[in-house]
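Trainee:
Residue numbers (UniProt numbering): 1 to 618.
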C-alpha cells in the first residue's frame with residue numbers, strides 16, 4: 001500500500017536485530033489520508049490468506065472524545081461453499097448520530113462492477129458499500145458525498161474484491177463536513193474486512209434491520225445486526241449480504257471528513273513517547289499523571305479487542321500504521337529463553353552436520369523464530385509491553401508528533417492525528433525462510449530476494465528454482481496487473497510475498513525507495529538491476545551465478561544465501577547477551593508505569609494514585 005504522507009516512520013523493510021521471523025504475517029503499510037483538524041484518520045491493512053481460509057483482521061482506532069460517532073462493519077469474503085457474513089455493530093453512544101448500511105453484491109466473471117453511495121437527504125449518515133468480483137476483475141468504487149453543515153458523520157468506506165493474496169489500493173478522499181465528525185479505518189484480508197471506530201459518545205444511537213439477498217448455489221450467507229443500547233431518536237440501518245467469489249482479497253477506500261474537534265489519540269501518542277523517554281532516557285520528570293491515564297485507557301481498549309473471538313484463540317500481531325514493535329520486549333520475558341533453546345535444539349537435530357560448521361546460522365534462525373513468537377499477543381498487557389519498549393515505535397511517534405506540530409496552520413487548524421494501532425490475526429503457517437522481498441518497476445518484477453538476509457536456509461537452497469518460478473509467476477499474474485496504473489505505485493513498489501504449501505500470499509507493499517530495506521540487494525550498487533535496467537554482470541535468463549556469498553537464480557533474479565552472513569557469529573554474541581540481560585530484568589512495563597505515575601502525582605500534588613496494577617493478560 002501507499003506510504004503515509006504524514007511522516008510517521010515508514011522504513012517497513014528495516015529489520016532490528018533479526019529479519020522477519022517464522023510465523024509472522026509481516027507488516028502492512030497504511031495509507032494515511034490528509035484530512036482537516038481533529039479526525040481519527042483511516043488506514044488500510046491488507047494481508048492475504050490461503051484459499052479456503054477465512055482471514056481475520058481487526059483495526060483499532062485510538063479513542064476519540066468530542067462529538068464522534070462509532071460503528072463496526074464486518075464483510076467476510078469466503079471461498080466457494082463457505083459461509084459469508086456481513087455484520088454491523090452499532091455503538092453504545094453518540095450525540096445526534098445516525099446509522100449506516102452495508103451492501104455487498106456478487107458480480108459474474110469478467111464484469112466490472114461499480115458501487116456508488118447514494119447521497120443522503122439528511123445531514124448525518126455514513127455508508128459502507130462492499131462489492132465482490134470474480135477472479136481477475138478490477139472494480140471501481142465512487143463515493144457521493146453528503147451535503148451537510150453540522151453534526152455530520154460523513155465517512156464512507158468502499159471494499160472491493162480482488163484475486164487471492166493481492167493487496168488492494170488505499171486512497172483517501174475528504175468530503176466536506178463542518179462539525180464533530182470521525183474517521184474510519186479498514187483492515188482488509190482474504191476472508192474478512194472490518195471497519196472499527198471506537199470513540200466514546202453519549203446518546204441517540206441507532207437500531208438496524210437485516211435484508212437477505214439471493215445467493216448463488218453452494219454459498220450460505222448470514223447477515224446480522226447487533227443493536228446498541230440506545231435511547232430515543234434512533235434510526236435504522238440495513239445490511240445486505242451477498243456471495244463472494246471463490247478467490248478474493250480486499251481493496252478498500254477510506255473517505256475522511258474534515259472535522260474540527262480533536263480526539264485523545266494524539267494524547268495517547270504523546271504518552272507513549274513520554275513513557276519511553278522516562279524509562280530508557282532518564283527523563284522521568286517529563287511523564288505526567290495525564291500520560292498515565294492515557295496509557296491505561298489504551299491498554300483497556302487493546303485488551304477488549306484482543307479478547308474478541310477472532311483473536312482469542314490464535315492471538316494477533318499488533319503494529320502501528322508505520323511499523324511494528326518487532327524490537328519490543330514481551331510481557332512474559334521469562335518464556336523467551338526456553339523457547340529459544342527448544343527451537344535451536346530442533347534445528348540442530350533436523351539438519352545435523354549440514355550446519356555444524358556454522359552454528360551461528362541456526363542460532364539466528366532460532367532467535368528470529370523465538371522472537372516472533374513473542375510478538376504474538378493475546379491481551380492488552382502483551383500489546384502494551386511491546387509498544388512501550390519499542391524504539392521503532394518511539395521514533396515513529398516522535399516523527400508523527402513533529403510532523404503535526406510543524407504544520408503551517410498547527411495553532412489555528414492542527415493537522416489531524418493519523419497514526420493508528422492495528423491488530424492482525426496471527427498466521428502460523430508463514431515461515432521466514434519462505435518469505436521474499438520483490439522489486440517491481442514499470443509493472444514488472446525486476447528482482448527478488450529472501451527476506452531474512454542473515455541466514456542460509458537449506459530448504460530454500462534445495463528448492464530455489466521452483467521457488468523462483470512460483471514467486472515470480474504470482475507477482476506477475478496476480479500482483480502487478482492489479483497495481484498497474486495506480487498513481488500511488490507509478491514509481492514502482494516493493495512487495496513482500498510469502499510462499500506457503502505451494503501458494504503465495506502478499507504480506508505487505510512498501511515504497512520503491514531506499515527507506516525500504518533492500519534485503520540481499522543494495523540500493524546503490526544494484527540500482528540498475530532492481531530498476532529493470534539490467535545488471536553490471538549481464539545475468540541472462542535460465543542461468544545461475546554466484547554473487548559474493550549468494551546465489552542468483554533465473555530471471556527475474558532471485559537472490560538467496562549459500563552461506564550465512566559474514567560476521568553473523570559476532571552479531572549473535574551481542575544479540576544473545578542482550579537477550580540474556582532482558583530475561584533477568586523482572587520489571588514489567590506495569591511496574592514502571594505505576595512508579596512513574598506515583599512520582600508524577602507527588603510532583604503535581606494531584607492526590608490519589610489511580611493506576612490499576614492488576615495484570616489483564618491471560
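Using N, Cα and C, we set each Cβ at its ideal position, and we do this for glycine too.
#1: To which residues of the same chain is residue 24 closer than 7 Å at the C-beta, ignoring the five residues directly before and after it?
#2: Identify every residue that forms a DSSP beta bridge with residue 504.
#3: Tell whether a beta-carbon distance below 9 Å holds between residue 387 and residue 272.
#4: Roughly how many angstroms separate the alpha carbons of residue 485 and residue 445, rounded to a whole number?
#5: Would the beta-carbon of residue 438 fall within 9 Å of that of residue 448?
#6: Closer than 8 Å is the cut-off here; do at least three beta carbon pairs connect the stretch 328–340 with the stretch 375–385?
#7: Taking only runs of the alpha helix (DSSP H) that begin and end inside the stretch 293–380, which ones reach a length of at least 4 residues, in chain order?
#8: Measuring CB to CB, does residue 552 end up less than 9 Å from residue 559?
#9: Quick check on DSSP: helix, strand or coil for residue 556?
#10: Is it the case that the stretch 527–535 contacts the stretch 415–433, given that we only count it when at least three CB pairs across the two stretches are under 8 Å?
#11: Using a 10 Å radius around the Cβ and a threshold of 16 neighbouring Cβ atoms, would you call residue 61 buried or exposed?
#12: Tell me, which residues are paired with residue 511 by DSSP?
#13: Taking contact to mean at least 3 C-beta pairs separated by less than 8 Å, is the stretch 291–298 in contact with the stretch 592–600?
#14: What are the residues that DSSP puts in a beta bridge with residue 279?
#15: Please classify residue 425 as buried or exposed, where buried requires at least 16 other C-beta atoms within 10 Å of its C-beta.
#16: Quick one: residues in its chain with C-beta nearer than 7 Å to the C-beta of residue 370, no 5 flanking neighbours on either side, listed in chain order?
#17: Hey, quick one: how far does the alpha helix (DSSP H) through residue 391 stretch, first residue to last?
#18: Please say whether residue 483 and residue 443 have beta carbons closer to each other than 9 Å?
#19: Can you find the residues in the same chain that come closer than 6 Å, C-beta to C-beta, to residue 441, ignoring five residues on each side of it along the sequence?
#20: On the three-state DSSP scale, how would you describe residue 287?
#21: For residue 448, which beta-bridge partners are listed by DSSP?
#22: Just curious, the alpha helix (DSSP H) that residue 469 is in, first and last residue?
#23: Tell me which residues share the same chain as residue 312 and place their Cβ nearer than 7 Å to its Cβ, disregarding the 5 neighbours each side in the sequence.
#24: Between which residues of its own chain and residue 521 is the CB-CB distance below 8 Å, once the five residues before and five after are set aside?
#25: Can you tell which of 501, 416, 326 has the C-alpha that lies nearest to the C-alpha of residue 394?
#26: By the DSSP assignment, the alpha helix (DSSP H) with residue 595 in it spans what residues?
#27: With DSSP collapsed to three states, give me the class of residue 565.
#28: Alpha carbon to alpha carbon, what distance is there between residue 451 and residue 459?
#29: For residue 571 versus residue 360, is the C-beta spacing smaller than 9 Å?
#30: Go to residue 527, then tell me how far its alpha helix (DSSP H) extends in each direction, as first and last residue.
#31: What does the alpha-carbon distance come out to for the pair residue 286 and residue 278?
#32: Alpha carbon to alpha carbon, what distance is there between residue 563 and residue 549?
#33: Are residue 434 and residue 517 close, meaning C-beta to C-beta below 9 Å?
#34: I believe residue 634 touches residue 506 by the beta-carbon criterion, under 8 Å. Please report the beta-carbon distance rounded to the nearest angstrom.
#35: Note down the Cα distance separating residue 309 from residue 479, rounded to an integer number of angstroms.
Mentor: The structure says:
#1: If you number the chain shown from 1, residue 24 lands on position 24. With a pLDDT of 40 at residue 24, under the threshold of 50, the modelled position of this residue cannot be trusted, and the question is left open.
#2: Taking the first residue of the chain shown as position 1, residue 504 is located at position 504. Looking at the DSSP output, residue 504 bridges to 499.
#3: Position 387 of the chain shown, counted from the first residue, corresponds to residue 387. Position 272 of the chain shown, counted from the first residue, corresponds to residue 272. Yes; because the gap between Cβ atoms is below 9 Å, this pair is in contact.
#4: Reading the chain shown from its first residue, position 485 is the one you call residue 485. Reading the chain shown from its first residue, position 445 is the one you call residue 445. Spanning the two alpha carbons is a distance of roughly 15 Å.
#5: One-based indexing of the chain shown puts residue 438 at position 438. One-based indexing of the chain shown puts residue 448 at position 448. Yes; because the gap between Cβ atoms is below 9 Å, this pair is in contact.
#6: The stretch 328–340 makes contact with the stretch 375–385; the number of CB pairs closer than 8 Å reaches 3 or more.
#7: For the stretch 293–380, the full-length alpha helix (DSSP H) segments reaching 4 residues or more read 309–312, 334–351, 359–374 along the chain.
#8: On the chain shown, position 552 is the one that residue 552 refers to. On the chain shown, position 559 is the one that residue 559 refers to. It is a contact, given that the beta carbons lie within the stated cut-off.
#9: Here the question's residue 556 lines up with position 556 in the chain shown. Note: residue 556 maps to coil in three-state DSSP.
#10: Flag = no, the stretch 415–433 and the stretch 527–535 do not touch.
#11: As a position in the chain shown, residue 61 is number 61, starting the count at 1. Confidence is the limiting factor: at residue 61 the pLDDT is only 38, short of 50, which leaves the residue's position unreliable, though a coordinate-based value still follows. Residue 61 comes out buried.
#12: Start at 1 with the first residue of the chain shown, and residue 511 comes out as number 511. Beta-bridge pairing links residue 511 to 493.
#13: As far as the Cβ criterion goes, the stretch 291–298 touches the stretch 592–600, which means the pair count is three or higher.
#14: Numbered from 1 along the chain shown, position 279 holds the residue referred to as residue 279. Residue 279 is not bridged to any residue.
#15: The residue given as residue 425 occupies position 425 in the chain shown. By the neighbour-count criterion, in which 16 or more other beta carbons inside 10 Å mark a residue as buried, residue 425 falls on the buried side.
#16: The residue given as residue 370 occupies position 370 in the chain shown. Closer than 7 Å at the Cβ level, and outside the excluded window around residue 370, lie 336, 339, 340, 343.
#17: Here residue 391 corresponds to residue number 391 of the chain shown, with the count starting at 1. Counting along the chain, the alpha helix (DSSP H) containing residue 391 begins and ends at 391–405.
#18: Position 443 of the chain shown, counted from the start, is the residue given in the question as residue 443. Position 483 of the chain shown, counted from the start, is the residue given in the question as residue 483. Against a cut-off of 9 Å, the Cβ pair of residue 483 and residue 443 comes out as a contact.
#19: Numbered from 1 along the chain shown, position 441 holds the residue referred to as residue 441. Cβ within range, chain order: 492, 531, 532.
#20: Here the question's residue 287 lines up with position 287 in the chain shown. DSSP, reduced to helix, strand and coil, places residue 287 outside both helices and strands of the structure shown, so it counts as coil.
#21: Against the chain shown, residue 448 aligns to sequence position 448. DSSP lists 438, 558 as the beta-bridge partner residues of residue 448.
#22: Position 469 of the chain shown, counting from 1, holds the residue named residue 469. Counting along the chain, the alpha helix (DSSP H) containing residue 469 begins and ends at 464–474.
#23: The residue given as residue 312 occupies position 312 in the chain shown. No residues qualify anywhere along the chain.
#24: Within the chain shown, residue 521 is the residue found at index 521, counting from 1. Hits under 8 Å: 439, 447, 449, 529, 530, 559.
#25: Stepping through the chain shown from its first residue, residue 394 is reached at position 394. Taking only the C-alpha atoms, the option nearest residue 394 is 326.
#26: Counting from 1 along the chain shown, the entry for residue 595 is found at position 595. Segment 589–604, the alpha helix (DSSP H) holding residue 595.
#27: As a position in the chain shown, residue 565 is number 565, starting the count at 1. When DSSP states are grouped into helix, strand and coil, residue 565 belongs to the coil group.
#28: Within the chain shown, numbered from 1, the residue matching residue 459 stands at position 459. Within the chain shown, numbered from 1, the residue matching residue 451 stands at position 451. Between the alpha carbons of residue 459 and residue 451 lies a gap of roughly 15 Å.
#29: As a first step, residue 571 must be located in the chain shown, where it is residue number 571. As a first step, residue 360 must be located in the chain shown, where it is residue number 360. At a Cβ-Cβ threshold of 9 Å, residue 571 and residue 360 count as neighbours.
#30: Counting from one through the chain shown, the residue named residue 527 turns up at place 527. Element bounds for residue 527: 527–530.
#31: Mapped onto the chain shown, residue 286 falls at position 286. Mapped onto the chain shown, residue 278 falls at position 278. When rounded, the distance between both Cα atoms is 7 Å.
#32: Position 549 of the chain shown holds residue 549. Position 563 of the chain shown holds residue 563. If you take the alpha carbons of residue 549 and residue 563, they lie about 6 Å apart.
#33: The residue you call residue 434 lines up with position 434 of the chain shown. The residue you call residue 517 lines up with position 517 of the chain shown. Not a contact, by the Cβ cut-off of 9 Å.
#34: Examination of residue 634 is not possible in this model, given that the chain is present from 1 through 618 alone.
#35: Walking along the chain shown from the start, residue 309 turns up at place 309. Walking along the chain shown from the start, residue 479 turns up at place 479. A direct Cα-to-Cα measurement between residue 309 and residue 479 gives close to 31 Å.
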